[in-house]
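First residue of the sequence shown? That's 8 in this note's numbering, and the numbers climb one at a time after it.
Every residue, glycine too, gets a C-beta built ideally from N, C-alpha and C.
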Amino acid sequence: AHQWRGVIAEYREFLPFEDSDTLLTLGEGGTPLVHAPALGERVGADVHIKVEGMNPTGSFKDRGMVSAMSRAVSDGAQTVVCASTGNTSASAAAYATRAGIGCAVLLPQGKIASGKLAQAIVHGAQLIAVDGNFDDCLEIARKLDAAFPVELVNSVNPYRLHGQKTAAFEVCDALGAAPDIHILPVGNAGNISAYWMGYREYAERGITSSRPAMWGFQAAGAAPFVLGRPIPDPETVATAIRIGAPASWDLAVAARDDSGGLIDAVSDQQILDAQALLASEVGIFVEPASAAGVAGLLQQAERGRVPAGATIAITVTGNGLKDIDTALSQRDVTPTLIDADVNAAAEALGLA
Ligand code: F0G
Numbered sequence: 008a009h010q011w012r013g014v015i016a017e018y019r020e021f022l023p024f025e026d027s028d029t030l031l032t033l034g035e036g037g038t039p040l041v042h043a044p045a046l047g048e049r050v051g052a053d054v055h056i057k058v059e060g061m062n063p064t065g066s067f068k069d070r071g072m073v074s075a076m077s078r079a080v081s082d083g084a085q086t087v088v089c090a091s092t093g094n095t096s097a098s099a100a101a102y103a104t105r106a107g108i109g110c111a112v113l114l115p116q117g118k119i120a121s122g123k124l125a126q127a128i129v130h131g132a133q134l135i136a137v138d139g140n141f142d143d144c145l146e147i148a149r150k151l152d153a154a155f156p157v158e159l160v161n162s163v164n165p166y167r168l169h170g171q172k173t174a175a176f177e178v179c180d181a182l183g184a185a186p187d188i189h190i191l192p193v194g195n196a197g198n199i200s201a202y203w204m205g206y207r208e209y210a211e212r213g214i215t216s217s218r219p220a221m222w223g224f225q226a227a228g229a230a231p232f233v234l235g236r237p238i239p240d241p242e243t244v245a246t247a248i249r250i251g252a253p254a255s256w257d258l259a260v261a262a263r264d265d266s267g268g269l270i271d272a273v274s275d276q277q278i279l280d281a282q283a284l285l286a287s288e289v290g291i292f293v294e295p296a297s298a299a300g301v302a303g304l305l306q307q308a309e310r311g312r313v314p315a316g317a318t319i320a321i322t323v324t325g326n327g328l329k330d331i332d333t334a335l336s337q338r339d340v341t342p343t344l345i346d347a348d349v350n351a352a353a354e355a356l357g358l359a
């Protein structure tokens with residue numbers, strides 16, 4: 008039977024590796040593109056959800072990490088370092104383990120979802136909590152990379168974007184064409200840049216005949232692209248995208264402008280509402296940041312900006328199980344307690 012071989016083997020000819028390189032995999036990529044008619048009906052379009060929470064460590068980061076880590080280990084790196092709002096550190100920790108090298112992660116103190124922290128811990132990363140935000144962590148990580156024998160695996164490492172562009176290939180392969188619009192959350196802005204690279208490459212090679220408009224959405228309290236400048240104190244419930252000074256600024260602006268797209272902001276409440284809607288109407292549990300794209304789609308539909316009948320792909324970037332604290336804090340979590348008896352169960356369920 009055929010098994011998906013991971014993004015490097017599946018898309019080898021699109022990636023800058025040599026035959027002598029050590030190519031890793033944990034089976035990343037090959038994630039489902041789920042048709043979402045419930046969402047499509049709401050916005051008058053054909054909506055497909057790219058479920059990146061299905062990756063080995065539960066987020067899209069694995070695509071870029073397998074690529075950056077393969078480069079690092081092929082170049083003889085002994086230790087990798089990254090700054091992270093949680094998912095990058097979880098992925099780096101797992102792939103460093105796979106590569107047999109060390110991993111140090113710099114995390115904004117107190118602003119990491121517990122599931123992500125658990126991942127970095129169980130995979131044996133060295134954890135450094137920084138009294139500062141993600142942007143502070145990334146600045147330190149860059150300086151460590153410049154001055155010490157450690158390899159930076161944040162998305163400023165070009166191999167990260169090469170790996171992540173494979174998600175755009177998969178969307179085209181699944182749809183048989185590029186979508187009209189591709190929507191995703193924007194934080195450090197690596198992913199929107201990587202998707203745009205992937206869509207451009209498929210069109211340049213003649214595999215697709217068009218390219219989508221790229222629509223990115225930030226949390227309103229952490230929306231430097233919408234303001235047009237970096238901000239010092241980003242704040243949002245969606246901790247994954249709590250970023251004020253995105254590293255891939257120019258690439259993301261080019262993705263937005265060259266594709267005829269947009270980058271807009273959604274409120275924390277819109278994000279939580281979209282997360283709830285995805286869980287209760289579509290059947291997909293995502294972490295808060297991952298719902299920003301869906302929140303943005305609904306917002307654009309309300310404003311009458313969604314072209315009727317458009318084919319829309321939305322990336323939901325991370326698994327809901329990474330941050331159950333935020334999900335449950337919005338809800339009544341007390342189950343109905345009964346005796347171990349079928350009649351009691353029937354009564355509690357309103358069946359009897
Ligand atoms: N969604 C999730 C779940 C993320 O973890 C991130 C980024 C993004 C969206 C935004 O993607 O940065 O490429 O624009 N997380 C990084 C991290 C910053 O450290 O895990 P981006």
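**OP:** For K118, name the three-state secondary structure that DSSP assigns.
**Re:** As a position in the sequence shown, residue 118 is number 111, starting the count at 1. Coil at K118, not helix or strand.
Subject >> Per-residue DSSP class, three states only, for L134 >> reply: As a working note, residue 134 is residue 127 in the sequence shown. In this structure, L134 counts as strand in the three-state DSSP scheme.
Original post:
From S217 to E25, what distance separates their C-alpha atoms?
Top reply: Taking the first residue of the sequence shown as 1, we reach residue 217 at position 210. Taking the first residue of the sequence shown as 1, we reach residue 25 at position 18. Straight-line Cα distance between these residues: approximately 30 Å.
Original post:
For T92, which option in A286, G290, F292, P253 has the closest C-alpha, if you only look at C-alpha atoms?
Top reply: Here the question's residue 92 lines up with position 85 in the sequence shown. It is P253 whose Cα lies nearest to the Cα of T92.
**OP:** Taking 8 Å as the cut-off, decide whether the C-beta atoms of A111 and I135 are in contact.
**Re:** In the sequence shown, counting from the first residue as 1, residue 111 sits at position 104. In the sequence shown, counting from the first residue as 1, residue 135 sits at position 128. A contact, by the Cβ cut-off of 8 Å.
**OP:** Might you give, ordered along the chain, the residues of its own chain that have their beta carbon closer than 6 Å to the beta carbon of V313, omitting 5 neighbours on each side?
**Re:** In the sequence shown, residue 313 corresponds to position 306, counting from 1. Once the five neighbours on either side are set aside, the close Cβ partners of V313 are V50, A52, Q307.
Subject >> Euclidean distance between Cα positions of A353 and R338 >> reply: Here residue 353 refers to the residue found at position 346 of the sequence shown. Here residue 338 refers to the residue found at position 331 of the sequence shown. Each residue's Cα considered, the two are about 24 Å apart.
**OP:** Quick one: residues in its chain with C-beta nearer than 6 Å to the C-beta of H42, no 5 flanking neighbours on either side, listed in chain order?
**Re:** Residue mapping note: residue 42 aligns to position 35 of the sequence shown, counting from 1. Correct list, in chain order: H55.
Subject >> A229 and I248 closer than 8 Å at C-beta >> reply: Reading the sequence shown from its first residue, position 222 is the one you call residue 229. Reading the sequence shown from its first residue, position 241 is the one you call residue 248. Closer than 8 Å, so yes.
Subject >> Cβ-Cβ separation, Y202 to A174 (assumed contact under 8 Å), whole Å >> reply: In the sequence shown, counting from the first residue as 1, residue 174 sits at position 167. In the sequence shown, counting from the first residue as 1, residue 202 sits at position 195. Rounded, the Cβ-Cβ distance is 6 Å, consistent with contact.
Subject >> Counted within 10 angstroms of its Cβ, other Cβ atoms place T343 as buried (16 or more) or exposed >> reply: To locate residue 343, count along the sequence shown from 1; it is residue 336. Exposed, because fewer than 16 other Cβ atoms sit within 10 Å of the Cβ of T343.
Original post:
In its own chain, which residues sit with a C-beta less than 8 Å from the C-beta of D28, not counting the 5 before and 5 after it?
Top reply: Indexing the sequence shown from 1 puts residue 28 at position 21. Closer than 8 Å at Cβ, skipping near neighbours: S77, R78, S81.
**OP:** Taking only heavy atoms of the ligand F0G into account, decide whether any of them is closer than 7 Å to the Cβ of V193.
**Re:** What you label residue 193 is simply residue 186 of the sequence shown in a count that begins at 1. Yes, the Cβ of V193 comes within 7 Å of a heavy atom of the ligand F0G.
**OP:** Would you give the residue range spanned by the beta strand (DSSP E) that Q225 belongs to?
**Re:** Reading the sequence shown from its first residue, position 218 is the one you call residue 225. Where Q225 is concerned, the enclosing beta strand (DSSP E) stretches over 220-226.
Original post:
Where do the N-terminal and C-terminal ends of the alpha helix (DSSP H) with A101 fall, by residue?
Top reply: Reading the sequence shown from its first residue, position 94 is the one you call residue 101. Taken as a continuous stretch (DSSP letters only), the alpha helix (DSSP H) holding A101 covers 94-106.
**OP:** Below 7 Å CB to CB, which residues in the same chain sit around T104 once its five sequence neighbours on both sides are set aside?
**Re:** Walking along the sequence shown from the start, residue 104 turns up at place 97. Result list for T104: H130, G131, in chain order.
**OP:** Could you have a look at I238 and say whether DSSP puts it in helix, strand or coil?
**Re:** As a position in the sequence shown, residue 238 is number 231, starting the count at 1. If DSSP states are grouped into helix, strand and coil, I238 belongs with coil.
Original post:
Taking 7 Å as the cut-off, is the CB of T64 close to at least one heavy atom of the ligand F0G?
Top reply: The residue you call residue 64 lines up with position 57 of the sequence shown. Checking every heavy atom of the ligand F0G against the Cβ of T64, none is found closer than 7 Å.
Original post:
Can you tell me whether DSSP reads L305 as helix, strand or coil?
Top reply: Your numbering for residue 305 matches position 298 in the sequence shown. In this structure, L305 counts as helix in the three-state DSSP scheme.
Original post:
Is there at least one non-hydrogen atom of the ligand F0G closer than 7 Å to the beta-carbon of T243?
Top reply: Counted from its first residue, the sequence shown places residue 243 at position 236. No; taking the cut-off as 7 Å, the Cβ of T243 has no heavy atom of the ligand F0G nearer than that.
**OP:** Would you please state the rounded distance, in angstroms, between the beta carbons of A259 and S200? I believe it to be under 8 Å.
**Re:** If you number the sequence shown from 1, residue 259 lands on position 252. If you number the sequence shown from 1, residue 200 lands on position 193. About 5 Å separates the two Cβ atoms, so the contact holds.
Original post:
Can you give, in chain order, each stretch of the alpha helix (DSSP H) that sits fully within the region 156-227 and has at least 4 residues?
Top reply: 165-171, 173-182, 197-211
Original post:
beta strand (DSSP E) containing V57: first to last residue?
Top reply: Locating residue 57 in the sequence shown gives position 50, where the first residue counts as 1. The residue you asked about is not Val; residue 57 is Lys in the sequence shown. Membership of K57 in the beta strand (DSSP E) is indicated by the continuous run 53-58.
**OP:** Kindly list the residues whose CB is nearer than 7 Å to the CB of H169, restricted to its own chain and excluding five residues on each side of it in sequence; keep chain order.
**Re:** Numbered from its first residue, the sequence shown carries residue 169 at position 162. If we look at H169 and ignore the five residues flanking it on each side, its Cβ neighbours are L22, P23, S74.
Original post:
Is any heavy atom in the ligand F0G found nearer than 7 Å to the beta carbon of T343?
Top reply: As a working note, residue 343 is residue 336 in the sequence shown. No, Cβ of T343 sits at least 7 Å from all heavy atoms of the ligand F0G.
Original post:
Considering only the beta carbon of each residue, do G60 and G327 sit closer than 8 Å?
Top reply: In the sequence shown, counting from the first residue as 1, residue 60 sits at position 53. In the sequence shown, counting from the first residue as 1, residue 327 sits at position 320. In contact: G60 and G327 (Cβ atoms closer than 8 Å).
Original post:
Which of helix, strand or coil does DSSP assign to S27?
Top reply: Within the sequence shown, the letter at position 20 stands for residue 27. Three-state DSSP puts S27 in coil, outside helix and strand.
Original post:
Can we count I199 as close to the ligand F0G, meaning its CB is less than 7 Å from some heavy atom?
Top reply: Here residue 199 refers to the residue found at position 192 when the sequence shown is read from its first residue. Because some heavy atom of the ligand F0G lies under 7 Å away, the Cβ of I199 counts as near it: yes.
**OP:** Determine the closest residue to A245 out of Q282, E211, R12, with distance taken between C-alpha atoms.
**Re:** Here residue 245 refers to the residue found at position 238 of the sequence shown. Of the candidates Q282, E211, R12, the one whose C-alpha sits nearest the C-alpha of A245 is Q282.
Original post:
DSSP puts G109 in a beta bridge; with which residues?
Top reply: Locating residue 109 in the sequence shown gives position 102, where the first residue counts as 1. Beta-bridge pairing links G109 to T86.
Subject >> T413 (DSSP reduced to helix, strand or coil) >> reply: The structure shown does not extend to residue 413, since the chain is modelled only from 8 through 359, so no value can be given for it.
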